[in-house]
Structure formats: structure tokens, C-alpha cells
Amino acid sequence: MAGEDHRVTQVHSKCRLRVEMGGGLNLAFTFFFRDQHVLERVVDHVLPRLAGLSHPRFWDAGVAMGQEPYTLAIIVAEKMSHFSFANLRIDSTDVEDTGQFARIVEAGEYPDEELTRLPEGIRQKYFEPSARPGYLRVIDSIRRRIAFQRHDLLTCKEIGAGYSLVLCKNVLLHFQPSERIEVLRMFHRALAPGGLLATEQTQQLPPELAPLFRRVTPDWPVYCKAEGDGCES
Ligand SMILES: C[S@@+](CC[C@H](N)C(=O)[O-])C[C@H]1O[C@@H](n2cnc3c(N)ncnc32)[C@H](O)[C@@H]1O
Numbered sequence: 001m002a003g004e005d006h007r008v009t010q011v012h013s014k015c016r017l018r019v020e021m022g023g024g025l026n027l028a029f030t031f032f033f034r035d036q037h038v039l040e041r042v043v044d045h046v047l048p049r050l051a052g053l054s055h056p057r058f059w060d061a062g063v064a065m066g067q068e069p070y071t072l073a074i075i076v077a078e079k080m081s082h083f084s085f086a087n088l089r090i091d092s093t094d095v096e097d098t099g100q101f102a103r104i105v106e107a108g109e110y111p112d113e114e115l116t117r118l119p120e121g122i123r124q125k126y127f128e129p130s131a132r133p134g135y136l137r138v139i140d141s142i143r144r145r146i147a148f149q150r151h152d153l154l155t156c157k158e159i160g161a162g163y164s165l166v167l168c169k170n171v172l173l174h175f176q177p178s179e180r181i182e183v184l185r186m187f188h189r190a191l192a193p194g195g196l197l198a199t200e201q202t203q204q205l206p207p208e209l210a211p212l213f214r215r216v217t218p219d220w221p222v223y224c225k226a227e228g229d230g231c232e233s
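Mapping of the sequence shown onto the numbering used here: position 136 corresponds to residue 136, and the numbering continues sequentially without gaps.
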């Protein structure tokens with residue numbers, strides 16, 4: 001097909017060799033405050049787990065152009081003290097490899113028209129005029145919390161460890177069942193004991209991973225890393 005981007009990505013031995021067709025942008029549909037009520041619930045569950053952590057870290061995987069991690073940061077900012085929020089880092093990753101997503105996320109600039117339906121007061125509080133006509137920019141105190149890096153989940157190599165939250169929405173559905181299992185194992189390794197994993201509503205935890213995670217919400221797939229004794233809250 002004309003203009004189609006065909007790429008072959010060699011991945012970790014447990015994950016299959018994958019032929020990707022189509023530009024990343026085609027799969028990158030997202031918007032600000034998507035799944036707002038879910039993110040609110042996730043944040044309500046994760047905040048008590050941050051007590052005693054001087055530099056808490058979240059991993060948002062498959063962030064497209066950054067609307068989700070910025071939404072997450074804004075929701076946290078609304079619920080957390082200014083002082084604690086300033087030490088939070090949200091590692092934001094995506095497989096897109098032209099650098100386009102990285103530039104957008106790092107700039108934190110979005111078309112004005114994309115920001116017309118935000119919850120009341122959010123636009124005024126967290127966005128400011130940008131030098132680019134027709135665009136608004138996420139304010140510094142929010143932008144500084146987001147660190148973007150390119151990362152392919154199908155390498156099954158975690159970007160770090162000790163995360164209090166791994167958020168991965170609307171990404172796993174693109175993977176084969178065996179890939180999903182290995183990616184979820186990777187998330188388990190990346191989480192701190194008692195850390196939370198949140199996915200999209202249609203995602204079911206594969207039965208073989210049941211010993212690794214404990215579900216914490218009945219109506220949405222939010223799981224606690226079942227290791228140590230941090231799953232009670
Ligand atoms: C539909 S968007 C999801 C955006 C956001 N998480 C949300 O729920 O609105 C899916 C994103 O997953 C990314 N993605 C697809 N395969 C990936 C992989 N192997 N590793 C990392 N990201 C991937 C795509 O590039 C795209 O930006």
C-alpha cells in the first residue's frame with residue numbers, strides 16, 4: 001500500500017519476531033482526559049502507597065503524543081501536595097521511532113481546539129499560551145514531571161524498577177496473547193512491591209499470571225503486585 005511503513009522489529013526471544021505495518025500515528029488515537037474516572041480511581045488507590053517515598057515514579061507505557069501522562073499528572077496535581085508532586089516522575093514511553101512523539105511530548109504543546117472539552121477550570125489552570133499560533137502549552141510544573149523515552153514493550157525489557165504505578169491502556173490489545181503475557185511479566189518486574197498496574201477495561205489478566213497480581217477494583221482492571229505485603233490498602 002502506498003506510503004505504508006513496513007518495519008521488522010527483532011524482539012526478545014520469548015516474544016515473537018514482529019512485522020509492523022502502518023505508521024505509529026494510525027494506532028495512536030488518544031485525547032486529554034480519556035478514561036478520566038478510571039484515572040481518578042487509579043490515583044486514589046496509588047497515592048496512599050507513595051507515603052514515605054521521596055521520589056515516587058510512575059511508568060505510563062504507550063503514551064502516543066502525551067495526552068495520557070499529562071492528564072495523569074494533572075489529576076495527581078489536583079490530589080497531592082505541591083511539595084510531594086514536585087518529586088514525582090512519570091516515565092512515558094512509546095515505540096514510535098521517528099522522534100515525532102518525543103518532540104510533541106517534550107514540547108507539551110497541543111492545538112487549542114483539542115483542549116475545548118476539558119473538565120471545568122483545567123484549561124485555565126494547567127495550560128498557557130504558546131508561542132505557536134493556535135496552540136496552548138502545558139504549564140512547566142506539570143511538564144517537568146514527564147520524562148519521555150522511546151521504548152518497545154515487545155523487547156520485554158523493563159525501563160527500570162521500583163515503579164509505584166504502571167499504566168498501560170489501549171496498547172496490550174494490539175499484541176498476541178503470548179506477547180501480552182511476557183509484557184505483563186515485565187510490568188511485574190518493574191513494579192515495586194505493592195505497586196499498581198492499570199490497563200484498559202477489556203483486558204483480562206491471563207490465568208497463568210494470577211499468582212503475580214491481585215485485583216484491587218471490581219469494575220476496572222487495576223492490579224496490585226502480589227509480592228511483599230503492600231496489597232492491603
Ligand atoms: C491507542 S494509543 C494509546 C494511548 C493511551 N495509552 C490511551 O489509552 O489513550 C496506543 C499506543 O501504543 C503504542 N504502541 C504500540 N505498540 C507498542 C509497543 N510495542 N511498545 C510501546 N508502545 C507501543 C502506539 O505507538 C500508540 O501510541
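Cβ atoms here follow ideal geometry from the backbone N, Cα and C, with glycine treated the same way.
Residue i versus the options, residue with shortest Cα-Cα distance
i       : options                               : result
Gly-66  : Ala-210, Pro-221 and Lys-169          : Lys-169
Gly-194 : Ile-139, Phe-33, Arg-89 and Leu-50    : Leu-50
Ala-28  : His-45, Trp-59 and Glu-68             : Glu-68
Glu-120 : Pro-206, Phe-213, Arg-214 and Phe-33  : Phe-33
Ile-104 : Asn-87, Thr-217 and Tyr-70            : Tyr-70
Ala-73  : Ile-142, Phe-83, Arg-215 and Ser-178  : Ile-142
Lys-225 : Ala-131, Tyr-163 and Leu-173          : Tyr-163
Val-138 : Glu-106, Pro-211, Leu-154 and Glu-113 : Glu-106
Tyr-110 : Pro-207, Ala-190, Phe-31 and Asp-35   : Phe-31
Arg-215 : Leu-53, Gln-36, Phe-85 and His-45     : His-45
Glu-78  : Glu-182, Ile-122, Pro-48 and His-174  : Ile-122
Ser-84  : Gly-108, Leu-47 and Glu-114           : Leu-47
Tyr-135 : Glu-114, Asp-219 and Leu-154          : Glu-114
Pro-259 : Gln-204, Glu-208 and Leu-209          : Because the chain in this structure spans residues 1 to 233, residue 259 falls outside the shown range and cannot be described.
Trp-220 : Pro-56, Leu-154 and Leu-167           : Leu-167
Buried/exposed call for residue i, threshold 16 Cβ in 10 Å
i       : result
Gly-160 : exposed
Pro-177 : exposed
Arg-316 : What the structure shows of the chain is the stretch from 1 to 233, and residue 316 is not part of that stretch, so it cannot be assessed.
Phe-58  : buried
Tyr-223 : buried
Asp-140 : exposed
Pro-211 : exposed
Glu-182 : buried
Val-19  : Model confidence at Val-19 stands at a pLDDT of 32, short of 50, so the residue's coordinates are unreliable; what they give is reported in the following sentence. The residue is exposed, with fewer than 16 neighbouring Cβ atoms inside 10 Å.
Gly-62  : buried
Leu-173 : exposed
Whether residue i touches residue j by CB criterion (9 Å)
i       : j       : result
Glu-227 : Met-186 : no
Arg-180 : Pro-206 : yes
Val-38  : Leu-165 : no
Ala-64  : Asp-35  : no
>> Measuring CB atoms only, is the segment 194-209 touching the segment 89-96, in the sense that at least three cross pairs come out at less than 8 Å?
In response: no
> If you pair each beta-carbon of the segment 103-118 with each one of the segment 126-134, do three or more pairs fall below 8 Å?
Replying inline: yes
> Counting Cβ pairs closer than 8 Å, one from the segment 96-111 and one from the segment 138-153, do we hit at least three?
Replying inline: yes
> What alpha helix (DSSP H) runs, 4 residues minimum, are completely inside the segment 89-130?
Replying inline: 100-107 and 122-126
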